[in-house]
Structure formats: structure tokens, C-alpha cells
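A quick write-up on the structure given underneath.
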Amino acid sequence: MTKSRGYPSILMFGGPGSGKGTQGVVLGQMPNLVHLAMGDIFRGLDKESDIGKEFLSYSTKGQLVPDELTIRVFQHHVAGLIDGGDYQPDYHTLILDGIPRTVKQVELLEPVIDVQALVYLVMEDKDALVARLAGRAKKSNRPDDADRSVIENRIEVYERETAPVLGSFPKKLIRKVNGDQPPLAVLRDAAGCLVGVVSAKI
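What the sequence shown shows, in our numbering, is residues 82 to 283, in sequence order.
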């Protein structure tokens, strides 16, 4: 993947329950970082706007949102942040969670973002991961997601789909973090991965 001149970005990767969303939110509180979760962007769309209606034409039918539309929604959201003064590309670095999720999205984003680093939260303790997801499902009152077979399938699907995406980036950009640690230890290591990448902007 060639270097782009797009928005400076850090990619957060990790399987279901790895804590990437939690870590991204916390890191996004730093003065020169802006956390963007694609799921939140989709949920925040104006359902009466043209792009919102296009999104609903897929989501209401339970269909996957096409890669091209996903990227357009992302660019539309970032443009809005810039217009509102909430994101300044010359100062801020984006922390992206949930995008890119496919190799096609990586290709479409190549001229849009400039990937500075990829933080990959790795959880080797599968039993602990399953227990964490089951506990989270109970709290959110989604009993189907508490079924071990369902959880294991989600993990397998993620690993199968993520490997090609990770392979689309130079290994020198990938920083692996032990996600089996307590949250504060994960935060320490994740933040440590970014020292020297974005600290010069503070």
C-alpha cells in the first residue's frame, strides 16, 4: 500500500470484546486525537438526508452496507467535522475504529487517509474473551449473543475477515498489544505505541 496524503490516521483493530472501542474513546480525549467509530457514524446519520436514506435502504433490510457507501458516509462525516471546526487535519490525528473492515475498503481509503500506525489488540485467552462477551451480552439484554457457539462464530468470522485487512498494510505499521491485560495496562501499552507518532503535534 503506497503512502497517501490523506487525513493522518491511527487504525484500531481487535476482535469482539477486545476493548478497542473503549481504548479508542479514551485515547480520543487527548488534545490532538479524534476518535471515530464507524458504527457511531452510521447511527448518527440524519435519516432524512440523501445519504441517510441510502444507508437505510440497506440497513433496514438487514443487508451489509456496500464498501463504497461506507467510505462515502465516512468522508461525509469527516467533512462535517471539519466544517464545524471539530477536526483540523493539520493538527489532529484520527483514531479509526471499525473502518476499514475489508480489503476493498482499504483500497478505497488509500487516497483518503494516511495511516500512521495500526494498533492491534490481541487476545490469546479465548475462554476469557468468550466470558467477557457473554457478560457484556447479558448487560445489554441480548441473550442470543451470550451463547458460546454464537460468540465463537463471531470471533472466527472476525479473524477470517481481519487477516487479509491486516495483510494490506506494511508490517512496520502494525503494533500488537496484549489485550488480555487489565484495561489500564492495555491503555498504557496502546498509548505507548503512539508516542513518536503523534506526540510532536501536542
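Each residue gets a CB set at the ideal place from its N, CA and C atoms; glycine is no exception.
(message) Under DSSP, the beta strand (DSSP E) around Y88 begins and ends at which residues?
(response) Note, Y88: beta strand (DSSP E), Y88 to G95.
(message) Taking 6 Å as the limit between beta carbons, can you name the residues of its chain near R213, skipping five residues before and five after?
(response) Excluding residues within five positions, the ones whose Cβ falls inside 6 Å are G98.
(message) Taking the straight line between their C-alpha atoms, what separation do you get for G102 and K128?
(response) Cα-Cα distance, rounded: 24 Å.
(message) I'd like to confirm the pairing. Which residues does DSSP put opposite V107 in its beta bridges?
(response) Per DSSP, none; premise fails for V107.
(request) Pair every Cβ in the region 193 to 205 with every Cβ in the region 129 to 140, then say whether three or more of these pairs are closer than 8 Å. (result) Between the region 193 to 205 and the region 129 to 140, the count of C-beta pairs closer than 8 Å stays below three; the two stretches do not touch.
(request) Identify, in the order they occur along the chain, each residue of the same chain with its Cβ nearer than 7 Å to the Cβ of D167, setting aside the five sequence neighbours on each side. (result) Closer than 7 Å at the Cβ level, and outside the excluded window around D167, lies no residue.
(request) In the DSSP assignment, find the beta strand (DSSP E) that holds Y239 and state where it starts and stops. (result) No beta strand (DSSP E) contains Y239, which is instead part of the alpha helix (DSSP H) from R229 to L247.
(request) Check the C-beta distance from L175 over to V115 and give it rounded, since I have them as a contact under 8 Å. (result) At roughly 5 Å, the Cβ-Cβ gap stays under 8 Å, so L175 and V115 are in contact.
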